[in-house]
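Asker: Protein chains in written order, with our numbering: chain A, 12 to 123; chain B, 667 to 777. Ideal Cβ placement from N, Cα and C applies to all residues, glycine included. Note that the structure is a prediction, hence the values are computed from the model and not measured. Take a look at the following structure, please.
Written out as structure tokens, the structure reads:
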């Protein structure tokens with residue numbers, strides 16, 4: 012099983028550019044999450060989804076957008092990239108809202 | 667404000683030592699507390715704790731939750747260099763499906 016797959020693994024963006032981080036899972040999980048992890052810090056929740064068509068903001072949603080048109084996919088969109096968005100981004104999924112989450116391998120994003 | 671605090675922030679030990687990592691939280695009525703290990707990349711699941719006073723064990727790792735005092739500990743006995751990682755603790759927010767993560771404890775085990 013592939014589990015949670017994120018693409019790309021690395022990306023450098025210029026200030027003001029946009030991009031979409033892709034996340035797909037093959038475990039038929041309803042719950043999906045996007046986190047960011049800054050150096051030396053824990054994970055901060057950006058957005059989450061409890062099922063196709065349903066998304067909600069986490070702790071740090073500003074500057075990001077998400078959509079959930081299918082159970083499998085949960086892309087994260089960055090509009091007008093800023094240096095403050097330099098971070099490692101993790102997508103995760105879980106079967107239930109209070110069960111263990113499975114994480115993708117992360118996307119390291121640098122905004123210059 | 668809901669908060670999860672882990673201590674120590676970092677720790678260096680020698681192989682064979684026993685370590686205790688702490689997680690305290692200011693979230694009441696939560697349902698579960700999770701421990702993850704993060705090596706170079708993605709966090710991997712270690713334990714989920716939902717009941718106070720019941721120890722979960724997996725090999726040299728064990729964890730226990732004290733819901734009254736609002737903390738959890740993760741013990742690692744006979745540490746090995748492969749235990750070097752960041753250990754993250756997370757608590758779910760009541761009424762939501764969101765987890766709040768602590769900043770993690772960076773453990774380095776020297777040979």
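1) Below 7 Å between beta carbons is the criterion; list the residues of the segment 688–720 of chain B that meet it against any residue of chain A, in chain order.
2) How big is the Cα-Cα spacing for residue 79 of chain A and residue 64 of chain A?
3) With burial defined as no fewer than 16 other Cβ atoms inside 10 Å of the residue's Cβ, what is the status of residue 738 of chain B: buried or exposed?
4) Report the CB separation of residue 117 of chain A from residue 100 of chain A in whole angstroms; it is logged as a contact under 8 Å.
5) Taking just the CA atoms, how far does residue 713 of chain B sit from residue 723 of chain B?
6) For residue 820 of chain B and chain A, any beta-carbon pair shorter than 7 Å?
7) Tell me the DSSP secondary structure of residue 683 of chain B in three-state form.
8) Comparing alpha-carbon positions, which option in A:23, A:55, A:83, A:122 lies nearest residue 43 of chain A?
9) So which residues on chain A does residue 770 of chain B lean against when the C-beta distance must stay under 7 Å?
10) In the DSSP assignment, find the unbroken beta strand (DSSP E) run with residue 709 of chain B in it and report its ends.
11) Taking 7 Å as the CB-CB cut-off, is residue 737 of chain B touching chain A?
12) Have a look at A:119, A:29, A:13, A:92 and flag the residue whose alpha-carbon is nearest the alpha-carbon of residue 39 of chain A.
13) Measure the Cβ-Cβ separation of residue 743 of chain B and residue 672 of chain B and say whether it is below 7 Å.
14) Taking the beta strand (DSSP E) that residue 741 of chain B belongs to, which residues open and close that run?
15) To which residues of the same chain is residue 758 of chain B closer than 6 Å at the C-beta, ignoring the five residues directly before and after it?
16) Measuring straight from C-alpha to C-alpha, what distance separates residue 114 of chain A and residue 694 of chain B?
Answerer: In short, the structure shows the following:
1) Correct list: 697, 698, 700, 707, 708, 709, 711, 714.
2) 5 Å
3) buried
4) 7 Å
5) Cα-Cα distance, rounded: 8 Å.
6) Past the boundaries of the shown model lies residue 820 of chain B; chain B is included only from 667 to 777, so the question cannot be answered.
7) coil
8) A:83
9) 53
10) 709–715
11) no
12) A:13
13) no
14) 737–742
15) 696, 697, 698, 765
16) 26 Å
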